[in-house]
Structure formats: structure tokens, C-alpha cells
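See structure below.
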Amino acid sequence: MSDSAAPVKLFEKKERIFPKRVWGKYRKIKWVVMAITLAIYYLAPFLRWDRGPHAPDQAILIDMPARRAYFFFIEIWPQEVYYLTGILILAAVALFFVTSLFGRVWCGYACPQTVWTDLFVWVERIVQGDRAARMKLKKAPWSFDKLWKMAVTHSLWLLIGLLTGGAWVFYFNDAPTLIEHILHLDVPMSVLGWIIALTFSTYLMAGFAREQVCTYMCPYSRFQSAMFDKDTLIITYDEDRGEPRGKHKKGESWEGRGHCIDCTACVQVCPMGIDIRDGLQMECIACGLCVDACNNIMDKVELPRGLIRYDTTHNQDQRRAGEVEKTVQTHILRPRTFWYMTILSVVGLVMLVSLVNRAPVELHALHDRNPLYVTLSDGTVRNGYNVKVLNKTYEDKYFRLHVEGLDGASVRAQGAGNVQIDHLHVFADSVGHFRVFVTAPKQSKAREDFRFVLEEVVTNGAEAGEQAVYDTHFASRSQ
Amino acid sequence: MSDNNVEKDDFTGVETTGHEWDGIKELNNPSPRWWLLVLLATIIWAVGYWIVYPAWPTLSGDGERGGTEGTFGWTQYDQLKESQAEIMARRAAYLDRFNTASFEEIKANEELYAFAVAGGASAFKDNCATCHGTGGSGSAGYPNLLDDDWLWGGDVDAIHETIRVGVRGEHDETRYSEMPAFGDMLGTKEISDISDYVLSFTSAGDYDGPGQELYEQQCAACHGMDGRGIRDFGAPNLADAIWFYGGTKGDIMSQIRRPKHGVMPAWETRLDESTIRQLAIYVHSLGGGEE
Numbered sequence: 001m002s003d004s005a006a007p008v009k010l011f012e013k014k015e016r017i018f019p020k021r022v023w024g025k026y027r028k029i030k031w032v033v034m035a036i037t038l039a040i041y042y043l044a045p046f047l048r049w050d051r052g053p054h055a056p057d058q059a060i061l062i063d064m065p066a067r068r069a070y071f072f073f074i075e076i077w078p079q080e081v082y083y084l085t086g087i088l089i090l091a092a093v094a095l096f097f098v099t100s101l102f103g104r105v106w107c108g109y110a111c112p113q114t115v116w117t118d119l120f121v122w123v124e125r126i127v128q129g130d131r132a133a134r135m136k137l138k139k140a141p142w143s144f145d146k147l148w149k150m151a152v153t154h155s156l157w158l159l160i161g162l163l164t165g166g167a168w169v170f171y172f173n174d175a176p177t178l179i180e181h182i183l184h185l186d187v188p189m190s191v192l193g194w195i196i197a198l199t200f201s202t203y204l205m206a207g208f209a210r211e212q213v214c215t216y217m218c219p220y221s222r223f224q225s226a227m228f229d230k231d232t233l234i235i236t237y238d239e240d241r242g243e244p245r246g247k248h249k250k251g252e253s254w255e256g257r258g259h260c261i262d263c264t265a266c267v268q269v270c271p272m273g274i275d276i277r278d279g280l281q282m283e284c285i286a287c288g289l290c291v292d293a294c295n296n297i298m299d300k301v302e303l304p305r306g307l308i309r310y311d312t313t314h315n316q317d318q319r320r321a322g323e324v325e326k327t328v329q330t331h332i333l334r335p336r337t338f339w340y341m342t343i344l345s346v347v348g349l350v351m352l353v354s355l356v357n358r359a360p361v362e363l364h365a366l367h368d369r370n371p372l373y374v375t376l377s378d379g380t381v382r383n384g385y386n387v388k389v390l391n392k393t394y395e396d397k398y399f400r401l402h403v404e405g406l407d408g409a410s411v412r413a414q415g416a417g418n419v420q421i422d423h424l425h426v427f428a429d430s431v432g433h434f435r436v437f438v439t440a441p442k443q444s445k446a447r448e449d450f451r452f453v454l455e456e457v458v459t460n461g462a463e464a465g466e467q468a469v470y471d472t473h474f475a476s477r478s479q
Numbered sequence: 001m002s003d004n005n006v007e008k009d010d011f012t013g014v015e016t017t018g019h020e021w022d023g024i025k026e027l028n029n030p031s032p033r034w035w036l037l038v039l040l041a042t043i044i045w046a047v048g049y050w051i052v053y054p055a056w057p058t059l060s061g062d063g064e065r066g067g068t069e070g071t072f073g074w075t076q077y078d079q080l081k082e083s084q085a086e087i088m089a090r091r092a093a094y095l096d097r098f099n100t101a102s103f104e105e106i107k108a109n110e111e112l113y114a115f116a117v118a119g120g121a122s123a124f125k126d127n128c129a130t131c132h133g134t135g136g137s138g139s140a141g142y143p144n145l146l147d148d149d150w151l152w153g154g155d156v157d158a159i160h161e162t163i164r165v166g167v168r169g170e171h172d173e174t175r176y177s178e179m180p181a182f183g184d185m186l187g188t189k190e191i192s193d194i195s196d197y198v199l200s201f202t203s204a205g206d207y208d209g210p211g212q213e214l215y216e217q218q219c220a221a222c223h224g225m226d227g228r229g230i231r232d233f234g235a236p237n238l239a240d241a242i243w244f245y246g247g248t249k250g251d252i253m254s255q256i257r258r259p260k261h262g263v264m265p266a267w268e269t270r271l272d273e274s275t276i277r278q279l280a281i282y283v284h285s286l287g288g289g290e291e
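From first to last, the protein sequence lines stand for chains A and B.
For the first sequence, the UniProt record's numbering assigns the number 1 to the initial residue and increments by one for each residue that follows.
For the second sequence, the UniProt record's numbering assigns the number 1 to the initial residue and increments by one for each residue that follows.
Rendered as C-alpha cells:
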């Protein structure tokens, strides 16, 4: 060992990847997906949704100061954050489901890391030229030509980053108002901070880190291989047909050799920098660009397409065994996909039911602890409660509060103005706080259970209003 | 270990440090460049810190606290003052309105009322909770402020006055009452009879005994013929379910023989008028407040 010239390097320096331009079916799909996802990202905050005069009219809005999140017809309050958990579970299981069917297509087409990297590579190509030109420029010594090309590339990257960060903050503020503020350079520090942070994270992730994010940082990409089985669509190189590979001159016979002409087109276009002919690798994001590249070559050498293609291991085995291939994908319904689909449906259904049954009015009563009870001069006992009435509707409402299940109890509200227990005013989309006293004769039990009942006061002729109950207890003596 | 005697790792050609653990030798690789750069950056940052912030103690004791002051002139005391000023500024918006409004106006205004209750609650915990408890429910000898039994009156004005001047305190206008020690004038039998009669106010059944006559002679002047007390004298109601110094016969006899008298300081000299007003509204809001 030690007598060899160069000592072994334990750390390999990262090789920059310069994906070559390619055209074809999958490249086209990638452009379309990019256009759609970017359009959603940039335009969604400008969609309007009328919620009446007491709530914002932005369709998608996370209103941090007011502690509300809006998504079209859905509004959630902070304590309903489990809807967010539900969405994350849905997203995760949907990812598993899609992955078990079609492999890592999320990674290859729709993941923001892929979309923005694609966009950045496109900018790089427009300014500096295709793969060969970019590699040459990288090696070239600094000159005016290299300087301006680099400057333009990085400026454009930063500009895209700025737009990315700029769009992000619209999801947390009223977009048209904020745009006006930004145009007048009058933005709060929080907004400015987010714009700067996302500008630079976009610049860094899509400009420099790129495929390393997928290979080393992303947890999803690591455990997605656990969803694979032999019926999952993956990018395959048809070894039986391609090998032995070798250069081919026009007019030469294809007898006794494979169809792969070792042109390395598939390697040059790969954004992950791998050689798909080595088989399925953990880096592969299933974007299909090598399929496009190889198909174009096959067309040129007048051989059938599909030397590299989306295929399943199962299909490959069948072909090798000489069996007839039925369809591209033979097994859609498998235990794996069935269970993912079941989980997806159950979680979706639970969320839907809970969303439909979401109470528009909620009642909470917090029993005083210090002291638990007060003895009054006539021998009766009084308990205090902090009562909260959540009015999640978009209308001001009046409520009547009474108690059920407590003998001889009377209830009153204490507060500013002329606050009446049978006429509690709660503003639209807000929480009403009331100090409530319940007075009753000493009960036989130290803790007597009873129920607060809240009923909406409706004007004559109107339908029955909202109702809410809260079970709590009444203390008459120390335990 | 001399330099020409340094062991080199066969595999990588890197020098070892000479440290060995279970046959594994530590290689003397340089620190990663990024790590070194971060270290240097923090050192430079620290130098900047020394210049702009108070950092070094000085022999002469120059500077406000015996050290370098830093070009920013920053101190923790200033920072505290700033944040206090910020809170005071926020409070001022309400305080001006609160100070000029009457109790009636405050009770009718949701914002001012909430401000008063919040301010009062905080002042109560600092000043009153020691005797009356953090919840205001008092204890033996210290009145419960949540019930509807008031010695000196339970509307906001009366509560405000009691807080201002105190009870049996050093203030010129202090609330004052003193029950004579009847142990010097009456015998045990008579005191026992009076106690029986006092207890009969709140128990079922008619009282028939010598206690009634004694009560009417000795006690009714302050506590009233019906035992309901007279607030102008600060004389407690004896006909309700609340006993300040205990409600057993023994407690009552002991109070007649040698009465206890609690003292509450006058808060006018300790708190500003605004805080006393907030306290009055807070105590009134606890549930027993009278109109």
C-alpha cells in the first residue's frame, strides 16, 4: 500500500454536474409540470375567496397575528392544528402510494428541489451554453467573457431566488396590500427577513447543492426505496438487449453485439450524474431524461426505442423467461398499493367527517382553583368560572348561558357594562371571554358534576341557533 | 517525541499524533478548512465585540461600572429602562383615560374595565396577597374579599376608601373600630349566655334564655338588635354564615372576652392613586362587589 505513489483519499471531492440539453416526451412533461407548479406557487396567493366583512378574502392565507389559517372554504384555528397533521399524513401516504406504483416520479418531476434546479440549469444553459461549453468555461482562466457570463448567471439565480422568497411571504400576508408595501419599500422586518432567507436558500439549494440535496439531505428519497417492489416502475436499462455494448459505425451489422453504442448520451443528460446502465441506483430520481436521450439515439441508428425506459423488474424477469408481456405494468393492485390506498381513504374520510362536523360554536369553562368555592353570608356557595365562547362563524352572535343538573343554582356574568348572562355578545370569528359566577346551596357531594349549556339567542321566526355544552363541576367544600 | 521520529500511517501517509486506543491510532489531519474559517471569523467577531460593548475590567475603574464602556454605550440598565419605558408608553394610552374617568364610566367601558382589573390583579399579588391570599379568599383573621360580607362596605367607593386609609392604621382618617374586652366586665356565665344568643341568630329554633337581655344591653348598640351589624362602626354582621374569627361557641366567647383586632395599613402613602383605584375595581370584581 504505502509504496504506491498516491495515498488513498478517504474523501472524494464533489464533481460538478453539467447536464446536457435533451428533448423528448419526458422532458416535455417536465416543462409542463414546472410551468404548472410554478404558476400555482406564484399565483395562488392572489386568488380571492369571499368570507364576508369580518375575515380576509384571500383564498390561501396563514394569518399569524390573528392566529388563523384559511384554505378556500376551510378555516382553522390554532387548536385545530391537527388538520395540518392530517394533511401531512395524507401527503406522506400519497407519496408512498405513488412511489409504490410509479417509483420516484415525485422526485423527478414535482419536487420543488427538482423544479428549481431545473430552472437554474436552464438559466445556466441560456447564458453559458450547453454542457461542453459550460465545462470549458469552468476550466477556463478568468477572462472578461467568463466574468460577465458568471455574473449574469448568478444575478439571474439571485433574482429567481428573490422572486421565490418574495412569493413565499404572500401566503402569510394579504398579497395585494403587501405588494403595494413592497413597491414602496415599506416592509416589516419579519417579511424582509423571510425574503432574504428564502432568496439565499433558493440560490444555495438550486444553484450549488442541487443533486446533493436528493442524495445526502433528503429523508424522503432515502426511504422511498422501501416502497419499491418488483412491480414498481423504475428506469431500466435493458441489459439483455444492450450488451455487449460498443461503438457502432453506420452500415455495420448489429449481429453478435448489443444495441448500446456506448455514446454516453444517457450519462451526459443525467442531472444526478449517474450511469443508468449500472442498474437502479439510490441517486436516480426517475426523471426519464436518459430515456429521452437514448430514444433520440436509437432513432438515429434506426433501432427500436426503449433500450432505456420506465419498466418493472417483474417485466424484465418475464421477458428473460421468454413469457409474453401483457401490459406495461402488470400488477397495479397489490397488497402494498391496496394498503396504501386503504390508509389514504381512511385518513381522508376521517378528516372529511371532522371537517364537515366542525362545531361553529364552542364553549369552554375553566373552574376557579384559588379559591375553589366561596361561602356567602346566607350559607349558599358560589363558584367562579372563566368562560370562553368560540364563535367561528362570520356573524356577530348573542348567547344565553344556563346550567343543567345543579339543584337551586343561579348563574350570573360579571364584567364591564351591562353584561347579561342571557345576552352574551360574541363578535364574528372571535372568542368571547366572560367571568361567570354560579351560586347554589351546599351540595351533598364535594364535587357536583353539572353542565353549562349555551344557546344562541335567535330573533323571532329564525331557525334554531347554535348550541354548545360544557361539562364541569361545582365545589361545595374542600375534599 | 522528536520530529524526525514521527510515525506515519501506512495507509494514508498521514502522521499520527502518537495517541492510540485499542490499536486505533489518531491521525494528525489538519482541521477542516471551513471549521478553521469559522473559528477565525468568531475571533474577529469577538474583537469587534470588545470594542463596541462593555468587556474589560480596568484598573482605574473607569467607566460606569469599573470597566471599558464600549463605543455603543450599551448597559443592561439602559436596556431595562428602555423596555420599561416601552411598557409605560403602551400603558399611558389607557392610564390617562383611566385616571380621569369615574368608577361608573370605567365600569361601563369594556377596555378601561379590563385594564383596571388586569392592573389591579397584578398590584394585588404584590401588595395584598400576603394577608388576603393570592386568590383574595383571606384566612382566619384576614377577611375574605370574595364573599358578600363587608365590614366597611362593598361598593367600589367604600373599597377604595378602605384601601386608601387602612383599618386601625397610622392614617388620620383610618377606619377605626374597637370592641371592648368584656372579660373585664362580665363573668364567664354571662359571656356564655351572650354567645348562645348570638349563635341563635343563625340556628333554627327560638332562643329562650338570659343571653338576649345581656346582648341587648351590651352588644346591640354596635351590632344591632337583630345582630346584623352596623357598617358605620365597622361592627360585623353576627346573623350570617360568615365568621371572621371562627364560628364555634368557644371562638365567640374568646372574642367577647378578649377581642382580636386586625390592622390593615393605609395604602395612600405606599401606592399611587391610580393603582389604588385599579385595586378597588379588581377587589370589587371578585364576586362580592356591591352596587
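Glycine residues also receive a C-beta, built at the ideal position from the N, C-alpha and C atoms.
Source: prediction; values computed, not measured.
Do the CB positions of T236 of chain A and T199 of chain A come within less than 9 Å of each other?
Taking the first sequence and counting its residues from 1, the one referred to as residue 236 of chain A is at position 236. Taking the first sequence and counting its residues from 1, the one referred to as residue 199 of chain A is at position 199. Not closer than 9 Å, so no.
Closer than 7 Å between beta carbons: that is the criterion. Which residues of the region 90–109 of chain B meet it against chain A?
K107, A108, N109
Beta-carbon proximity list for S68 of chain A, same chain, < 7 Å, skipping 5 on both sides
Position 68 of the first sequence, counting from 1, holds the residue named residue 68 of chain A. The question names Ser, but residue 68 of chain A is Arg in the sequence shown. Excluding residues up to 5 positions away in sequence, E75, W77 lie with their Cβ nearer than 7 Å to the Cβ of R68 of chain A in the same chain.
Straight-line CA distance for R16 of chain A to E15 of chain B?
The residue given as residue 16 of chain A occupies position 16 in the first sequence. The residue given as residue 15 of chain B occupies position 15 in the second sequence. Roughly 31 Å between the two C-alpha positions.
With DSSP collapsed to three states, give me the class of P176 of chain A.
Here residue 176 of chain A refers to the residue found at position 176 when the first sequence is read from its first residue. Three-state result, P176 of chain A: helix.
Going by beta carbon distance, what residues of the same chain come within less than 8 Å of I281 of chain B, once the five residues before and after it are set aside?
Here residue 281 of chain B refers to the residue found at position 281 when the second sequence is read from its first residue. Taken in chain order, the residues that qualify are F103, I106, K107, Y113, A116, V117, G120, V156.
Separation of H314 of chain A from T117 of chain A, as counted between CA atoms
Along the first sequence, one-based indexing puts residue 117 of chain A at 117. Along the first sequence, one-based indexing puts residue 314 of chain A at 314. Distance between the alpha carbons of T117 of chain A and H314 of chain A is about 33 Å.
Could you check the C-alpha separation between C219 of chain B and M225 of chain B for me, to the nearest Å?
Locating residue 219 of chain B in the second sequence gives position 219, counting from the first residue. Locating residue 225 of chain B in the second sequence gives position 225, counting from the first residue. Taking the straight line joining both Cα atoms gives about 8 Å.
Using 10 angstroms around the beta-carbon of F399 of chain A, count the other beta-carbons present and answer buried if the total reaches 16, otherwise exposed.
For the purposes of this step, residue 399 of chain A is taken as the residue at position 399 of the first sequence. F399 of chain A is buried by the Cβ-count criterion.
In whole angstroms, give me the CA-to-CA distance for I60 of chain A and A66 of chain A.
For the purposes of this step, residue 60 of chain A is taken as the residue at position 60 of the first sequence. For the purposes of this step, residue 66 of chain A is taken as the residue at position 66 of the first sequence. When rounded, the distance between both Cα atoms is 15 Å.
Does any residue of chain A bring its CB to less than 9 Å from the CB of T130 of chain B?
Mapped onto the second sequence, residue 130 of chain B falls at position 130. No, no contact with chain A.
When you compare only the Cα positions, how much space is there between T75 of chain B and D22 of chain B?
For this step, residue 75 of chain B is matched to residue 75 along the second sequence. For this step, residue 22 of chain B is matched to residue 22 along the second sequence. Those two C-alpha atoms are separated by around 53 Å.
With a threshold of 9 Å between beta-carbons, can M1 of chain A be considered close to chain B, or not?
Position 1 of the first sequence, counting from 1, holds the residue named residue 1 of chain A. The pLDDT assigned to M1 of chain A is 40, lower than 50, so where the model puts this residue is not dependable, and the model offers no usable value.
Could you tell me whether the Cβ of H473 of chain A comes closer than 9 Å to any Cβ of chain B?
Sequence index remark: in the first sequence, residue 473 of chain A carries index 473 (1-based). No - not a single Cβ of chain B is within 9 Å of the one on H473 of chain A.
Near Q443 of chain A, what residues of its chain come up, given a Cβ to Cβ distance below 6 Å and the 5 sequence neighbours on each side ignored?
Working through the first sequence from its first residue, we reach residue 443 of chain A at position 443. Taken in chain order, the residues that qualify are S476.
Between which two residues does the alpha helix (DSSP H) holding S274 of chain B run?
For the purposes of this step, residue 274 of chain B is taken as residue 274 along the second sequence, with counting starting at 1. Its alpha helix (DSSP H) spans residues 273–285.
For D9 of chain B, name the three-state secondary structure that DSSP assigns.
Taking the first residue of the second sequence as position 1, residue 9 of chain B is located at position 9. DSSP places D9 of chain B in the coil class of the three-state scheme, outside both helix and strand.
Take R104 of chain A and list the residues in its own chain whose beta-carbon comes closer than 6 Å to its own, dropping the five residues that flank it on each side.
Reading the first sequence from its first residue, position 104 is the one you call residue 104 of chain A. Here the set comprises Q224, I285, A286.
Residues bridged to L61 of chain A (per DSSP)
For the purposes of this step, residue 61 of chain A is identified with residue 61 of the first sequence, where counting begins at 1. A:Y70.
Name the two residues that bound the continuous alpha helix (DSSP H) containing G348 of chain A.
Within the first sequence, the letter at position 348 stands for residue 348 of chain A. Start and end: 335–356.
Sequence-distant residues of the same chain with beta carbon closer than 8 Å to S2 of chain A, five excluded per side
Position 2 of the first sequence, counted from the first residue, corresponds to residue 2 of chain A. Because the pLDDT of S2 of chain A is 43, which lies under 50, any placement of that residue in the model is unreliable, and the number read from its coordinates should be weighed accordingly. Result list for S2 of chain A: empty, nothing under 8 Å.
Using a cut-off of 8 Å between C-beta atoms, extract the partners of T248 of chain B located in chain A.
Locating residue 248 of chain B in the second sequence gives position 248, where the first residue counts as 1. Those within 8 Å of T248 of chain B in chain A number zero; the least Cβ separation is about 15 Å.
Identity of the residue in B:V165, B:S200, B:N29 nearest D272 of chain B by Cα:
By one-based count along the second sequence, residue 272 of chain B stands at place 272. D272 of chain B has its Cα closest to that of B:V165, out of B:V165, B:S200, B:N29.
Taking I242 of chain B as the query, report the chain A residues whose CB atoms sit under 7 Å from its CB, ordered along the chain.
Translated into positions along the second sequence, residue 242 of chain B becomes position 242. Those within 7 Å of I242 of chain B in chain A are T375, S377.
I'd like the list of long-range same chain contacts for M227 of chain A, defined as Cβ closer than 7 Å, with 5 residues on each side in sequence excluded.
Taking the first sequence and counting its residues from 1, the one referred to as residue 227 of chain A is at position 227. The answer, listed in chain order, is F96, T99, S100.
Runs of 3 residues minimum, wholly inside the region 118–175 of chain B: which ones carry the beta strand (DSSP E) assignment?
none
Can you find the residues in the same chain that come closer than 7 Å, C-beta to C-beta, to S203 of chain B, ignoring five residues on each side of it along the sequence?
On the second sequence, position 203 is the one that residue 203 of chain B refers to. Excluding positions up to five away in sequence, the list is empty.
Check whether the region 290–303 of chain A touches the region 133–152 of chain A, taking contact to mean three or more Cβ pairs, one atom from each stretch, closer than 8 Å.
Segments in contact, no.
First and last residue of the uninterrupted beta strand (DSSP E) at I89 of chain A:
Position 89 of the first sequence, counted from the first residue, corresponds to residue 89 of chain A. Counting along the chain, I89 of chain A falls outside any beta strand (DSSP E), though it belongs to the alpha helix (DSSP H) covering 82–102.
For D196 of chain B, does the three-state DSSP call read helix, strand or coil?
Working through the second sequence from its first residue, we reach residue 196 of chain B at position 196. D196 of chain B: helix per DSSP, three-state reduction.
Where F434 of chain A falls: helix, strand or coil (DSSP):
Numbered from 1 along the first sequence, position 434 holds the residue referred to as residue 434 of chain A. Three-state DSSP puts F434 of chain A in a strand.
Give the straight-line distance between the Cα atoms of D184 of chain B and G415 of chain A, rounded to the nearest whole angstrom.
Residue 184 of chain B sits at position 184 when you count from the first residue of the second sequence. Residue 415 of chain A sits at position 415 when you count from the first residue of the first sequence. In a straight line, the C-alpha of D184 of chain B is about 49 Å away from that of G415 of chain A.
Closest to P178 of chain B by CA distance: which of B:L146, B:A123, B:G133, B:I256 is it?
Position 178 of the second sequence, counted from the first residue, corresponds to residue 178 of chain B. The question names Pro, yet the displayed sequence has Glu at residue 178 of chain B. For E178 of chain B, the nearest C-alpha among the options comes from B:I256.
When you compare only the Cα positions, how much space is there between R21 of chain A and T393 of chain A?
In the first sequence, residue 21 of chain A corresponds to position 21, counting from 1. In the first sequence, residue 393 of chain A corresponds to position 393, counting from 1. Those two C-alpha atoms are separated by around 54 Å.
8 Å contact criterion, which G273 of chain A and E211 of chain A should meet: CB distance rounded:
On the first sequence, residue 273 of chain A is found 273 positions in, with the first residue counted as 1. On the first sequence, residue 211 of chain A is found 211 positions in, with the first residue counted as 1. So it is a contact: roughly 6 Å between Cβ atoms.
Three-state secondary structure (DSSP) at M264 of chain B?
Locating residue 264 of chain B in the second sequence gives position 264, where the first residue counts as 1. Note: M264 of chain B maps to strand in three-state DSSP.
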